[in-house]
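Numbering of the sequence shown is given in this note's numbering, commencing with residue 692 and proceeding in unit increments.
Glycine included, C-beta positions come from ideal geometry on N, C-alpha and C.
Computed from a prediction, not measured in an experiment: that's the story for all the values here.
Right, one structure below, let's go through it.
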Amino acid sequence: MDWLILAIVQGLTEWLPISSSGHLVILQQFLKGDVLLDASLHLGTTLAVIVYMWKYLIDYLKDKQMLVNIGIAVLPITIIGYFFQDYIESAFSNPKLVSVLLIVNGIILLLTKRFNGNKTLDVKKSFYIGLAQVLALLPGISRSGVTISTGIFSGMNREKAARFSFAISIIPLLGAFTLQWYKNNFILNPLAVLVSFLVGLGAIHFLMRYIKNIHLFGYYCIAFGTINYLISLVLNIA
692 MDWLILAIVQ GLTEWLPISS SGHLVILQQF LKGDVLLDAS LHLGTTLAVI VYMWKYLIDY
752 LKDKQMLVNI GIAVLPITII GYFFQDYIES AFSNPKLVSV LLIVNGIILL LTKRFNGNKT
812 LDVKKSFYIG LAQVLALLPG ISRSGVTIST GIFSGMNREK AARFSFAISI IPLLGAFTLQ
872 WYKNNFILNP LAVLVSFLVG LGAIHFLMRY IKNIHLFGYY CIAFGTINYL ISLVLNIA
């Protein structure tokens with residue numbers, strides 16, 4: 692039943708701003724996962740955001756400026772992720788470091804409480820948000836957390852920042868899945884895809900319902916990161 696636990700965790704943490712990669716690195720010290728399962732989980736959560744964002748994506752496709760903004764935001768992660776993702780994930784995947792990065796992620800989220808705005812998204816903001824997405828290659832830094840936070844820091848409305856964050860995640864996630872499938876030629880676990888999809892869809896709805904209080908997730912990240920760091924010290928986990 693390890694796959695079920697990992698599917699639920701992936702579904703919850705991919706879109707809540709608390710780092711799915713950080714949680715999976717920690718859990719996989721105790722549970723069994725593999726490339727097939729990892730790909731299945733990510734496909735499920737990617738399909739969840741596509742379903743949630745479907746109407747917005749159609750509107751974005753009709754808006755030339757929005758397409759430019761998305762392209763600008765996706766460019767950094769596409770380049771850096773393609774060449775360095777495997778190295779970054781292997782270099783920064785020890786539980787102690789992940790715990791520290793979770794705490795950093797929490798601090799970033801807490802800082803959003805100080806910012807409010809309703810500025811229009813432009814190329815400059817899109818580029819900054821795209822650079823922030825690169826940080827999510829580090830296990831412990833949440834993709835949604837750091838990109839939504841950067842949008843908020845730039846003066847964007849929280850809901851619009853969240854939807855833009857979701858939109859710019861789709862291409863990198865599908866690209867990473869396709870590349871992984873090409874390298875390993877695996878068969879998906881359909882149950883893992885389904886569970887992570889359903890839980891992921893629920894997590895997105897939950898986040899958008901409480902997006903005005905996104906900073907509260909910061910307390911969880913700091914607490915979880917601190918507890919896991921102490922456990923890693925006690926158990927001497929490298």
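**Report entry** Own chain residues within Cβ distance below 8 Å of valine 814, not counting five before or after
**Finding:** Position 123 of the sequence shown holds residue 814. Cβ within range, chain order: Val759, Asn760 and Ile763.
Query raised in the report: CA-CA distance, tyrosine 778 and glycine 772?
Result: Here residue 778 corresponds to residue number 87 of the sequence shown, with the count starting at 1. Here residue 772 corresponds to residue number 81 of the sequence shown, with the count starting at 1. As the crow flies, the alpha-carbon of tyrosine 778 is around 10 Å from that of glycine 772.
Query raised in the report: According to the Cβ coordinates, are valine 890 and isoleucine 699 closer than 9 Å?
Result: In the sequence shown, the residue the question calls residue 890 occupies position 199. In the sequence shown, the residue the question calls residue 699 occupies position 8. Yes.
Query raised in the report: Does DSSP classify phenylalanine 721 as helix, strand or coil?
Result: Translated into the one-based positions of the sequence shown, residue 721 becomes position 30. Of the three classes helix, strand and coil, the one that applies to phenylalanine 721 here is coil, per DSSP.
**Report entry** Minimum length 4: unbroken alpha helix (DSSP H) runs contained in the stretch 757-828
**Finding:** Correct list: 786-802 and 814-826.
Query - Between the CA atoms of isoleucine 768 and methionine 744 - distance to the nearest angstrom - result: For this step, residue 744 is matched to residue 53 along the sequence shown. For this step, residue 768 is matched to residue 77 along the sequence shown. Between the alpha carbons of methionine 744 and isoleucine 768 lies a gap of roughly 20 Å.
Query raised in the report: For phenylalanine 908, which of helix, strand or coil comes out of DSSP?
Result: Within the sequence shown, residue 908 is the residue found at index 217, counting from 1. Of the three classes helix, strand and coil, the one that applies to phenylalanine 908 here is helix, per DSSP.
Report task. Identify whether isoleucine 902 lies in helix, strand or coil by the three-state DSSP scheme. Result -> Taking the sequence shown and counting its residues from 1, one reaches residue 902 at position 211. Isoleucine 902: helix per DSSP, three-state reduction.
Query - Span of the alpha helix (DSSP H), counted from its first residue to its last, around serine 856 - result: Looking up residue 856 in the sequence shown gives position 165. Per DSSP, serine 856 belongs to the alpha helix (DSSP H) from 849-875.
Query - Exposed unless 16 or more other CB atoms sit within 10 angstroms - verdict on glutamate 850 - result: Translated into positions along the sequence shown, residue 850 becomes position 159. Of the other Cβ atoms in all chains shown, fewer than 16 fall within 10 Å of the Cβ of glutamate 850; this residue is therefore exposed.
Query raised in the report: Mind checking whether alanine 883 and serine 731 have CB atoms under 9 Å apart?
Result: Here residue 883 refers to the residue found at position 192 of the sequence shown. Here residue 731 refers to the residue found at position 40 of the sequence shown. Yes. Within cutoff.
Requested in this report: For arginine 834, count neighbouring Cβ atoms within 10 angstroms of its own Cβ and tell me buried if that reaches 16, exposed if not.
Outcome: What you label residue 834 is simply residue 143 of the sequence shown in a count that begins at 1. By the 10 Å Cβ count, arginine 834 comes out buried.
Query raised in the report: Just checking my contact of valine 740 with phenylalanine 857 at CB under 8 Å: how many whole Å lie between their CB atoms?
Result: For the purposes of this step, residue 740 is identified with residue 49 of the sequence shown, where counting begins at 1. For the purposes of this step, residue 857 is identified with residue 166 of the sequence shown, where counting begins at 1. A Cβ-Cβ distance of about 5 Å is found for the pair valine 740 and phenylalanine 857, placing them in contact under the 8 Å criterion.
Requested in this report: Express the C-alpha separation of glutamine 701 and methionine 692 in angstroms, rounding to a whole number.
Outcome: Within the sequence shown, numbered from 1, the residue matching residue 692 stands at position 1. Within the sequence shown, numbered from 1, the residue matching residue 701 stands at position 10. Spanning the two alpha carbons is a distance of roughly 14 Å.
Requested in this report: If I'm right that phenylalanine 877 touches threonine 736 with Cβ under 8 Å, what's the distance once you round it to whole angstroms?
Outcome: Residue 877 sits at position 186 when you count from the first residue of the sequence shown. Residue 736 sits at position 45 when you count from the first residue of the sequence shown. Rounded to whole angstroms, the Cβ separation of phenylalanine 877 and threonine 736 is 17 Å, and the two are not in contact under 8 Å.
Query raised in the report: Run through DSSP, which three-state label would isoleucine 709 get?
Result: Taking the sequence shown and counting its residues from 1, the one referred to as residue 709 is at position 18. Correct three-state label for isoleucine 709: coil.
Report task. Give the range of the alpha helix (DSSP H) segment to which isoleucine 843 is assigned. Result -> As a first step, residue 843 must be located in the sequence shown, where it is residue number 152. Note, isoleucine 843: alpha helix (DSSP H), 834-844.
Query raised in the report: Is there contact here, the stretch 793-808 with the stretch 860-878, by at least three beta-carbon pairs under 8 Å?
Result: Cβ pair count under 8 Å is below three, so no.
Query - Nearest to glutamine 756 (by Cα), restricted to the options Leu788, Thr841, Ser817 and Leu738 - result: If you number the sequence shown from 1, residue 756 lands on position 65. Considering only alpha carbons, the answer is Ser817.
Query - Beta-carbon spacing of isoleucine 820, isoleucine 861 below 9 Å - result: Indexing the sequence shown from 1 puts residue 820 at position 129. Indexing the sequence shown from 1 puts residue 861 at position 170. One thing to note: isoleucine 820 has its Cβ no nearer than 9 Å to the Cβ of isoleucine 861.
**Report entry** Residues near glycine 909 in its chain [Cβ-Cβ closer than 7 Å; skip 5 each side]
**Finding:** Against the sequence shown, residue 909 aligns to sequence position 218. In its chain, beyond the 5 residues on either side, Gly797, Ile798, Leu800 and Leu801 have a beta carbon closer than 7 Å to the beta carbon of glycine 909.
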